[in-house]
Every structure is written in C-alpha cells, then in structure tokens.
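Written out below as structure tokens is the structure these notes cover.
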Amino acid sequence: MKPTTTANTIDKSNSTHFLVTILFLFAVSAVSYSLLTTHHSLTQYYFIYPLCMLAAYFISNTWLKRALSFVTFVLLLIGSYFEPLNIDFLQQTFILVPLCYIAIFPGSLWPIGVAFSLIGVYIPHVTSAQVFEFLDAAIEIAAIAIFATGGVFYRQKLIKQVERYRKDSLTDFLTQVANRKAFKNDLESIETIAGEASTMKFALLLLDIDNFKLINDSLGHQQGDYLLIQFAKRLNNLSFNRINIYRLSGDEFAVLLQDKFDVNFYAQQVANYISEACHTEFELDKRSYTMTISLGIAALDDAAYNTEIWCRNVDIALKRAKQSGKNSIQWFDENLIGETIRSYQIERELSDTIEKGQLTLHYQPKVDIKTNKVYGAEALIRWKHPVFGIISPDEFVGVAERSQQIIPIGRWVIETACQQAKIWDQLGHPICIAVNVSTVQFLYDDIFHVVTKALRDSQLDPQLLQLEITETTLMQQPERVVDACHELRTLGIRVAIDDFGVAYSSLNYLKQLPIDVLKIDKSFIDECCSNHNDHMLVRTIIQLGHNMGKVVTAEGVVNNEQLWLLAQEECDEYQGYLFSQPLPPNEFITLLSSRKEIMIPHPYMASSR
Ligand code: C2E
Ligand code: CA
Ligand code: CA
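Numbered according to full-length UniProt numbering, the sequence shown spans residues 1 to 609.
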C-alpha cells in the first residue's frame with residue numbers, strides 16, 4: 001500500500017510535467033519546421049531530428065536518452081557547419097534548441113553546451129558585415145540557455161530538498177519507518193476514500209512491546225533503542241502486500257492494511273505472523289533477547305468509517321490485550337466500549353478524588369513466619385467511586401503516574417498511613433505500616449520533606465513507617481535513589497525493595513542500596529511449589545537477602561504449601577490471602593483484637609525500640 005500522503009505532490013508534479021511536454025512538443029516542431037523548410041541539401045537528414053528528440057524525451061533509459069540527444073546535437077552541428085542558416089533564423093528559431101534539451105535533461109549542462117557549440121560552428125561563416133548582428137544573436141542564445149539552465153537547476157535542487165524535508169518529517173528518526181504525522185495524514189486520506197460504496201476494506205493493528213519499560217531499565221536505553229530498530233526492521237520485512245508500518249510513540253507501532261476481499265482474515269494472519277516473529281531472538285549488543293507483544297485490531301467498517309472512532313476502538317482493543325496478561329491479540333468488539341467509557345471517566349475524575357474524600361487505604365497484614373504473628377501492614381490504596389464502587393490501584397495508579405497526579409495522591413497516602421499507624425500505636429498496636437512510593441514520586445517529589453512533615457504532623461515513631469520502592473525506581477536513577485534512601489533512613493524509617501526479582505536488579509546497586517527489606521515478587525511465589533526453577537529463585541533471593549543482612553518478605557502467599565516451603569527456606573515474613581486480604585482500618589483492628597495474643601513487636605523492631 002503506497003503512503004497516500006504523496007498523492008498531492010504527485011498531482012502537482014503531473015500537471016507540471018504535462019505543461020513541459022506541451023512546450024517541448026511545440027519547440028521541437030518549430031525547430032524541425034525551420035530545419036526542414038529552410039535547408040535545401042540536408043533536408044532528408046533533418047527528418048531524424050524530431051524523431052530522435054521525441055524518442056529521447058519519452059524514453060526513460062538514461063543511456064539511450066543520451067545517445068539519441070547526442071545524435072540530434074551532432075546533426076545540428078554538422079548541418080549548421082555545412083549549410084548555416086541566416087543569422088535572423090539563428091535568433092528566431094535556434095533560441096529554442098537549448099531549451100529543448102532542458103526538457104530532456106532538466107538541471108544538466110546540456111543546454112549550455114549545445115548553445116555554445118552552435119555559436120561556435122557559426123563563427124567561421126560570419127562576414128564582417130554580420131559581426132554585430134551575430135554577436136547580438138549569440139549573446140541572446142547564450143544568455144537564455146544559461147539563465148534557463150540555472151533556473152531549472154535551482155528549481156530541481158529546491159524540489160529535491162523539499163522532498164527530503166517532507167520525507168524526514170514523515171519518518172521516525174530512530175527506526176526509519178513512517179511516523180505519527182504520516183499515520184495521521186494517511187488516516188485522513190483513507191477517510192476520504194473509504195465508505196460503504198468502496199470496494200477496499202481497511203483494518204488497523206496497534207502493537208505494543210510487553211514490559212518495554214523493564215527492558216529499558218534493565219538493559220539500558222541504548223539497548224532499548226536497538227531492540228526497537230530491530231523490531232521495526234522485522235515489521236518492514238513482512239512479506240505482506242498492502243500494509244503500511246508506523247511508529248506512533250516509544251514502543252507503540254501501528255500497521256494499516258487494506259484488502260478487497262476479507263480484511264479481517266488478512267489482519268488476523270498479519271497479527272499472528274507479527275506475534276510469532278517476536279519469538280525469534282533479537283540479537284542485542286551483548287546478549288540475545290526474546291520478547292512478546294500485545295496487539296489490538298479494529299476494522300474500519302466497525303467504526304462507521306470514522307477514523308477517530310477507529311483509532312479509539314483499536315486503542316481499547318490493545319488495552320484489553322495488555323490487561324489480559326499481555327502476549328495476546330485482541331479484536332475490538334462492542335462489549336469493550338463500556339470499559340472504555342469507564343477508563344475515560346477514571347482519567348477525567350482522578351484529579352479531585354482527594355478533595356471529594358473518595359480515596360481510602362486498606363491494610364494487608366504482614367506476618368512473621370516463625371511466630372505467625374502480625375507485626376506490620378502494607379497500606380494499599382482504593383478509590384471509592386460513587387458509580388463504579390471500589391476501583392483497584394491497578395486501574396488508576398498508572399494513569400495517575402502518567403499525569404503526575406500520583407504526587408499529591410502519594411503525599412496523601414503517606415500522611416494518612418502515618419496518622420493511622422499513630423492511632424493504632426496509641427491503642428496498643430504498634431503496627432509498622434508500609435507505604436508504596438511510586439517511581440514518579442521518588443524521582444520528582446521531595447520525598448524526604450514529605451516524610452519528615454508527615455512524621456512531624458502525626459507524631460509517629462519513625463520505626464512504625466516503612467517505604468516500599470520498586471526495582472524499577474532503583475534502575476531509573478540508581479545514584480539518586482541510593483542517596484535518597486540514605487537520607488530517609490536517617491529519619492529512622494525503614495526502606496523495602498518491592499517486587500524483587502522482576503526487573504533484573506543490578507547486584508552492584510543492590511550492594512550499595514541502604515535498604516532493610518527485600519520483598520519477593522508474587523510471581524515467584526505463585527508456582528514455587530510446582531516449579532523447580534521458581535523454588536530455586538525463591539531460595540536464592542532469601543539467601544542473598546540474608547547474606548546482605550536484610551529481612552526477606554514473601555508476598556502473595558495463598559496456601560499452606562507455599563508457607564511451608566517459605567518456612568523451610570527460612571524466609572522471615574509473608575503477606576497474602578492465606579492470612580488475610582487487605583482490609584479497611586476498622587476490620588484490620590478487629591482482626592488484630594481477635595488475635596490479640598499474637599500481637600507482639602517484631603524482632604527487628606523490638607531490638608531497636
Ligand atoms: P504491590 O505493591 O505489589 O501490592 C501487592 C498487591 O498484591 C496488592 O494488590 C495486594 O492486594 C495483592 N495481594 C496481596 N496478597 C495477595 C494474594 O495472596 N493473592 C493475590 N492475588 N493478590 C495479593 P493491590 O492492592 O491491587 O495493589 C496493586 C498494586 O498497586 C500494588 O502492588 C502497588 O504497586 C500499587 N499500589 C497500591 N497502593 C498504592 C499506593 O498507595 N501508592 C502507589 N504508588 N502504588 C500503590
Ligand atoms: Ca508493595
Ligand atoms: Ca509487590
């Protein structure tokens with residue numbers, strides 16, 4: 001499928017070409033007429049002139065063009081030498097001769113060469129009485145040839161430059177595939193040609209590399225870029241017709257395709273092919289890498305031939321593909337619309353959740369594995385929406401991070417958690433509350449100041465506060481995070497590294513990182529009893545944590561087998577549905593009170609209090 005953006009330019013250049021052809025035909029006819037009617041002895045040879053000129057103009061082979069033009073040029077020179085025309089003919093008709101060559105070789109020096117050669121062969125025939133008349137004619141021919149050649153040369157150069165700028169502005173500089181602007185232009189063109197009456201049907205594929213952020217964080221941006229380049233190359237090498245590839249942003253690509261018969265079948269085929277193509281390893285600098293992608297597909301027919309709705313539909317389909325565990329292909333269908341309305345509403349209403357008092361914290365108990373006693377809790381945010389009910393953080397934290405609204409929300413979480421911990425402490429339950437801190441907040445907010453203020457306002461013992469940062473935060477700007485953790489610990493609070501193991505933490509940074517707790521990600525716990533590799537990873541993380549003097553917490557423990565395995569591996573603490581789901585504060589305190597006998601301070605807290 002040809003990028004439709006070139007259509008306008010092609011239209012313009014077609015009309016210019018038509019005009020040039022008319023002028024060329026006129027000039028060749030005029031010159032031929034003069035040659036044939038004014039010569040006497042060479043007339044039969046001059047029939048060759050218009051034939052060769054026309055052939056040279058219309059033939060596309062460069063060498064043949066040159067050969068035919070050369071024949072006409074030599075013919076003119078020989079004819080002019082043996083049977084020169086009157087000087088006034090020179091001025092009237094021959095002035096067109098160099099211009100004909102401009103049409104054949106635009107921007108070349110041919111016209112100037114021809115003009116000067118013609119003047120040259122006439123010189124021996126000029127009598128002293130004709131000198132001034134000849135000079136006049138020669139200057140006129142030479143000047144017109146030079147100016148016309150110069151003009152055409154600069155016009156050609158300008159057209160080439162404009163074409164290059166236009167191409168650059170529509171090309172993604174990193175991957176060299178078409179960019180978002182080209183995509184928009186092509187959508188506009190499609191909207192004008194598509195419709196129920198059109199025989200051509202269109203489908204749009206939106207693809208997003210799974211966990212690309214992790215790839216960037218763990219392998220570095222350079223390797224991330226390299227992966228994108230290779231991925232774009234693979235897309236470009238797809239052996240399918242009538243498809244256009246675009247890079248829309250970071251790791252998001254679009255594939256536009258058209259088909260006369262069954263565009264849905266064709267789109268599914270292309271999607272399967274792309275998905276499989278990712279499973280072959282990508283060779284990066286020092287290692288090879290396989291990745292997965294999520295893919296959304298939407299047909300233009302289902303969007304009432306409105307490209308805006310079409311894009312929104314494919315976006316919804318991609319979001320659903322991501323939510324359903326990634327590495328999947330999702331077609332748009334009407335049922336997904338309800339979900340989109342919800343996600344738009346969430347995005348719109350997020351800004352005033354705090355003022356409206358719609359945010360709340362639930363607390364999930366953390367349990368000591370040896371004693372089965374609760375000593376802490378993780379604060380997990382919930383949004384009590386008047387229409388949708390409780391919305392989980394998975395649905396809105398990402399949105400809040402993108403719009404940086406996570407900064408005021410995160411401050412509210414820290415303040416609320418501190419106040420809650422203080423209340424429980426005063427009630428005789430010294431529960432250490434762990435708060436999740438988003439990467440955005442850690443890097444763009446003054447987290448030290450926020451925590452200091454929250455501790456001061458609540459009068460909370462700093463040991464009852466723990467911050468959880470993810471490996472991803474650490475990998476973003478390791479030095480800055482290390483410094484910030486040092487500073488935070490001077491306040492007496494604890495720092496935990498969350499979701500440990502998913503982002504390939506650099507052991508080097510881990511060594512320097514002033515943290516107290518390693519939290520093993522739930523994904524390792526899920527199958528640690530049935531999958532030997534996961535078991536070994538859990539064992540390694542626990543041993544690594546202990547060797548570095550850290551407390552190790554396992555999250556997402558749902559059954560006794562997992563707990564037993566963790567106990568065998570000497571993991572320190574766990575949290576998970578096995579003990580309790582995250583609870584609202586009143587239910588949490590009920591749980592604590594009902595198990596009052598297990599409420600003793602955790603060993604590492606007791607030692608330092
Ligand atoms: P996380 O920090 O890894 O939190 C643990 C998540 O696992 C929580 O989900 C928790 O409810 C869930 N979970 C705990 N035990 C189990 C279990 O046994 N089985 C299953 N299936 N799930 C379990 P939740 O509350 O939906 O939070 C999801 C994520 O949202 C959190 O992951 C955290 O990254 C983020 N989050 C939650 N609250 C906050 C917050 O206040 N601030 C920020 N920045 N992020 C938050
Ligand atoms: Ca957490
Ligand atoms: Ca976690």
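We put the CB at the ideal spot given by N, CA and C, even for glycine.
Check	Outcome
Contact test: E468 Cβ vs ligand 2 heavy atom, cutoff 8 angstroms	yes
Distance cut-off 8 angstroms: E471 Cβ against heavy atoms of ligand 2	no
Extent of the continuous alpha helix (DSSP H) run through K384	Segment 373-385 is the beta strand (DSSP E) holding K384; no alpha helix (DSSP H) there.
heavy atom of ligand 1 below 8 angstroms from H362 C-beta	yes
Straight-line gap, P50 to V28 (C-alpha atoms, nearest Å)	6 angstroms
Those residues which DSSP pairs with R247 across a bridge	F253
Near ligand 1: E378 beta-carbon under 8 angstroms from a heavy atom	yes
N-terminal and C-terminal residue of the alpha helix (DSSP H) that F147 is part of	131-169
DSSP beta-bridge partners of W331	I297
F171 versus Q230: straight-line alpha-carbon distance, rounded	In the sequence under discussion, the amino acid at residue 171 is Thr, which differs from the Phe named in the question. Whole-angstrom Cα-Cα distance: 16 angstroms.
P514 and Y363 closer than 9 angstroms at C-beta	no
Buried versus exposed, by CB contacts within 10 Å (16 or more), F94	buried
Residue from E471, K326, Q459, F388 whose Cα sits closest to the Cα of Q345	F388
Under 9 angstroms between C-beta atoms of I525 and E555	yes
Span separating the alpha-carbon of V97 from that of L118	9 angstroms
Neighbourhood of E252 by C-beta distance below 6 angstroms, restricted to the same chain and skipping five residues each side	D208
D461 vs G428 beta-carbon contact at 9 angstroms	no
Where the alpha helix (DSSP H) containing G398 begins and where it ends	393-402
Segment limits, beta strand (DSSP E) that includes H362	359-368
7 angstroms Cβ shell around D259 - same chain, five flanking residues per side excluded	K201, R242, Y266
L591 versus L350: straight-line alpha-carbon distance, rounded	31 angstroms
6 angstroms CB neighbourhood of C52 in its chain, flanking five on each side removed	L68, V71, T72
Collapsed DSSP secondary structure at Q562 in the structure displayed	helix
Test item, CB below 7 angstroms from any non-hydrogen atom of ligand 3	D498, D499, K519, D521, K522, E555
For D208: DSSP bridge partner residues	E252, S294
Beta-carbon spacing of L99, L206 below 9 angstroms	no
Exposure label - W63; buried when at least 16 CB within 10 Å	exposed
Where the beta strand (DSSP E) containing F448 begins and where it ends	No beta strand (DSSP E) contains F448, which is instead part of the alpha helix (DSSP H) from 447-458.
Local Cβ density within 10 Å of V481, reported as buried at 16 or more and exposed below that	buried
Residue(s) in a DSSP beta bridge with C432	G376
Backbone secondary structure at L284 - three-state DSSP	coil
Start and end residues, alpha helix (DSSP H) containing Y574	First-last for Y574: 573-575, but that is the beta strand (DSSP E), not the alpha helix (DSSP H).
Which of helix, strand or coil DSSP assigns to F491	Rather than Phe, the amino acid found at residue 491 in this sequence is Leu. Coil, per DSSP.
contact_flag[the segment 219-235, the segment 283-293] where n(CB pairs < 8 angstroms) is 3 or more	yes
Closest Cα partner of R539 within the set N560, A379, S324, W564	W564
Beta-carbon separation (whole angstroms), W424 vs I431, contact threshold 8 angstroms	5 angstroms
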